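So the sequences go chain by chain: A and B.
Residue numbers for the first sequence follow this note's numbering, beginning at 1 and rising by one.
Residue numbers for the second sequence follow this note's numbering, beginning at 331 and rising by one.
Even glycine gets a Cβ: it sits at the ideal position worked out from N, Cα and C.
All of these numbers come straight from a predicted model, not from anything done at the bench.
What follows is a single structure, written as structure tokens, with notes after it.
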Amino acid sequence: MKRALWAFFFVFLGAPITTGNFIEKNLSSPHYLAQDIKLNSKDDDLAYFPRPVSISFDQKNIYVVDAKEDEIRVFSKSGAFLKSLGRRGQAPGEFESPQDIDIFDEKIYVSESSNSRIQILDINGKYLGGFKVLFAPDQVSVLEKDRILVSELPLLPSPGEKMIHCFSSRGKLLWENVEAYFSGDSVYDTFRNFIILNKGDREDFFLIRKSDDRFISHFNKEGKATEKIEVAKDLSFKKIVLPLVPKKKELFGFCWDCCFYKSQFYWVAPEYTAEKDLGPGKQLAVISLAGTIEAFIDLPDPVKKISVENDLIYALDGENYLRIFQILKK
Amino acid sequence: MKKVVSLVLVSLLLFSTIFFIPQKANADTHACYNENGICRERALNSNQGWIKVTLLLTWCDIVLGRCLWVNAK
Numbered sequence: 001m002k003r004a005l006w007a008f009f010f011v012f013l014g015a016p017i018t019t020g021n022f023i024e025k026n027l028s029s030p031h032y033l034a035q036d037i038k039l040n041s042k043d044d045d046l047a048y049f050p051r052p053v054s055i056s057f058d059q060k061n062i063y064v065v066d067a068k069e070d071e072i073r074v075f076s077k078s079g080a081f082l083k084s085l086g087r088r089g090q091a092p093g094e095f096e097s098p099q100d101i102d103i104f105d106e107k108i109y110v111s112e113s114s115n116s117r118i119q120i121l122d123i124n125g126k127y128l129g130g131f132k133v134l135f136a137p138d139q140v141s142v143l144e145k146d147r148i149l150v151s152e153l154p155l156l157p158s159p160g161e162k163m164i165h166c167f168s169s170r171g172k173l174l175w176e177n178v179e180a181y182f183s184g185d186s187v188y189d190t191f192r193n194f195i196i197l198n199k200g201d202r203e204d205f206f207l208i209r210k211s212d213d214r215f216i217s218h219f220n221k222e223g224k225a226t227e228k229i230e231v232a233k234d235l236s237f238k239k240i241v242l243p244l245v246p247k248k249k250e251l252f253g254f255c256w257d258c259c260f261y262k263s264q265f266y267w268v269a270p271e272y273t274a275e276k277d278l279g280p281g282k283q284l285a286v287i288s289l290a291g292t293i294e295a296f297i298d299l300p301d302p303v304k305k306i307s308v309e310n311d312l313i314y315a316l317d318g319e320n321y322l323r324i325f326q327i328l329k330k
Numbered sequence: 331m332k333k334v335v336s337l338v339l340v341s342l343l344l345f346s347t348i349f350f351i352p353q354k355a356n357a358d359t360h361a362c363y364n365e366n367g368i369c370r371e372r373a374l375n376s377n378q379g380w381i382k383v384t385l386l387l388t389w390c391d392i393v394l395g396r397c398l399w400v401n402a403k
């Protein structure tokens, strides 16, 4: 009851701050607060995911991909469960280990690692097309109808192996770029090759490495690197020592997850856990295209995956629940 | 934390050495890598802390090594 009253207070009495870009620019990194607007999500079994891997949205709904249940769950923007798309299998419209989703021009693009394919579905889950790839696809991002980015996290990277592939909607390879890091230690290399792809506003895209690099790489739709954006020092690396065999290695965590919305990056920085591990944080940094920190948003709990739309944050929290937050000024 | 990590790593190594029982004698190398892919994917999708993921990935590599060794015999 208390929680409901608080939520009511923040949702209905908290005045919106701006129009357009929600976060104001050029202030000295102001702090915002994000408050739950979806009530009783913890009591709702359908808002819990055994292995959530991706969250996205379109004009009407929120989409969450679960790699264990092999389905996409669709929710309204107020958090009400609407339907599930797909089921386990290899037939068109079915999934095996779906990894990511992107919605473009009212079509859903899904990457599936076990079936090594990209499927294109309509908004109701009806199969429209797709293509096979020669690797286990990870992220998918559609720059334009015939330009589909697919990332790969190589299992055992070899020197020169590329991690980003661009295909036409019929599966023709258009270009490849970004070499995988290779040291010969498969576990360490996996961490070094953790990348996040964010679609830009102009058929461009950004690449963010989760560790050991404070630069955001900007690419055009042809796959050519156009600039490197250095993230301001306000965001620091989080050093961790990985217990690798035969020798421990240091890693410098920098980003847990990130999304790009209206020319700003919403950045989940990793944080140390009580067990001295490195896990998802509960603060978002809002970063400009120049790399400066424009604001910080404090969340009530750590979040693993996020998507931002105006003053709303759609997130998967540390306990694998869907959460919807509204950004309010402190 | 360090002690726990060391203990888990040593246990993994001991387990893989002592209990060297082939699970799939007929499995070929390709199947070994397939299973490794699934194992690693689960580890990565677990969204655990990075030290825990390191342990899970190490476990996947040990299982892969065992699978390949069994098939090479």
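Span of the beta strand (DSSP E), counted from its first residue to its last, around residue i
i: Trp-175/A; result: 173-179
i: Tyr-188/A; result: Per DSSP, Tyr-188/A belongs to no beta strand (DSSP E); it is in the alpha helix (DSSP H), 186-192.
i: Asn-61/A; result: 61-66
i: Ile-368/B; result: Not the beta strand (DSSP E): Ile-368/B falls in the alpha helix (DSSP H), residues 359-375.
i: Gln-90/A; result: Per DSSP, Gln-90/A belongs to no beta strand (DSSP E) and is neither H nor E.
i: Thr-226/A; result: 225-230
i: Phe-215/A; result: 215-219
i: Ile-120/A; result: 117-122
i: Glu-71/A; result: 71-76
i: Asn-320/A; result: Counting along the chain, Asn-320/A falls outside any beta strand (DSSP E), and DSSP gives it neither H nor E.
i: Glu-222/A; result: Here Glu-222/A belongs to no beta strand (DSSP E), and DSSP marks it neither H nor E.
For residue j and residue i, believed in contact at Cβ under 8 Å, the rounded distance
i: Tyr-63/A; j: Ile-101/A; result: 6 Å
i: Ile-148/A; j: Ser-307/A; result: Actually they do not touch by this definition, with Cβ atoms about 19 Å apart.
i: Ile-313/A; j: Ala-47/A; result: At roughly 15 Å, the Cβ-Cβ gap does not stay under 8 Å, so Ile-313/A and Ala-47/A are not in contact.
i: Asn-198/A; j: Tyr-181/A; result: 20 Å between Cβ atoms; not a contact.
i: Phe-252/A; j: Asp-212/A; result: 5 Å
i: Gly-129/A; j: Ser-168/A; result: Contact doesn't hold; Cβ gap of about 11 Å is too wide.
i: Lys-333/A; j: Tyr-272/A; result: Here chain A has residues from 1 to 330 only, and residue 333/A is not among them.
For residue i, three-class secondary structure by DSSP
i: Lys-162/A; result: strand
i: Ala-136/A; result: coil
i: Thr-19/A; result: Below a pLDDT of 50, predicted positions are generally treated as unreliable, and Thr-19/A, at 40, falls in that range; the measurement from the model is reported next regardless. Correct three-state label for Thr-19/A: coil.
i: Asp-298/A; result: strand
i: Asp-45/A; result: helix
i: Phe-131/A; result: strand
i: Lys-329/A; result: strand
i: Leu-155/A; result: coil
Local Cβ density within 10 Å of residue i, reported as buried at 16 or more and exposed below that
i: Ser-151/A; result: buried
i: Asp-139/A; result: In the sequence under discussion, the amino acid at residue 139/A is Gln, which differs from the Asp named in the question. The residue in question, Gln-139/A, is buried, as its Cβ has 16 or more Cβ neighbours within 10 Å.
i: Pro-59/A; result: Here the sequence assigns Gln to residue 59/A, which means Pro is not the residue at that position. Its Cβ having fewer than 16 others within 10 Å, Gln-59/A is exposed.
i: Gln-90/A; result: exposed
i: Ala-67/A; result: buried
i: Trp-399/B; result: exposed
i: Glu-294/A; result: buried
i: Ala-274/A; result: exposed
i: Lys-226/A; result: The identity of residue 226/A in the sequence shown is Thr, whereas the question assumes Lys. Exposed, since its Cβ has fewer than 16 Cβ neighbours within 10 Å.
i: Asp-70/A; result: buried
i: Lys-382/B; result: buried
i: Arg-87/A; result: exposed
i: Leu-153/A; result: buried
i: Ser-29/A; result: exposed
Euclidean distance between Cα positions of residue i and residue j
i: Asp-257/A; j: Ala-361/B; result: 32 Å
i: Lys-276/A; j: Ile-240/A; result: 9 Å
i: Ser-116/A; j: Lys-132/A; result: 6 Å
i: Phe-10/A; j: Phe-325/A; result: Confidence is the limiting factor: at Phe-10/A the pLDDT is only 38, short of 50, which leaves the residue's position unreliable and the question unanswerable from this model.
i: Ser-263/A; j: Asp-201/A; result: 7 Å
i: Leu-394/B; j: Glu-371/B; result: 14 Å
i: Asp-409/A; j: Lys-228/A; result: One cannot answer for residue 409/A here, as it falls past the ends of chain A, which runs 1 to 330.
i: Ala-402/B; j: Asp-358/B; result: 9 Å
i: Asn-320/A; j: Asn-375/B; result: 11 Å
i: Glu-309/A; j: Lys-83/A; result: 21 Å
i: Phe-260/A; j: Tyr-32/A; result: 18 Å
i: Gly-379/B; j: Glu-106/A; result: 35 Å
i: Cys-255/A; j: Ile-103/A; result: 24 Å
i: Gly-318/A; j: Asp-185/A; result: 29 Å
i: Lys-333/A; j: Glu-203/A; result: Coverage of chain A is limited to positions 1 through 330, which leaves residue 333/A absent and any answer about it impossible.
i: Gly-125/A; j: Glu-112/A; result: 15 Å
i: Ala-285/A; j: Val-303/A; result: 13 Å
Unbroken alpha helix (DSSP H) run spanning residue i, endpoints
i: Ile-381/B; result: 380-402
Residue i Cβ short of 8 Å to the ligand HEM heavy atom set
i: Ser-169/A; result: The ligand HEM is absent from the structure shown, which contains no ligands of any kind.
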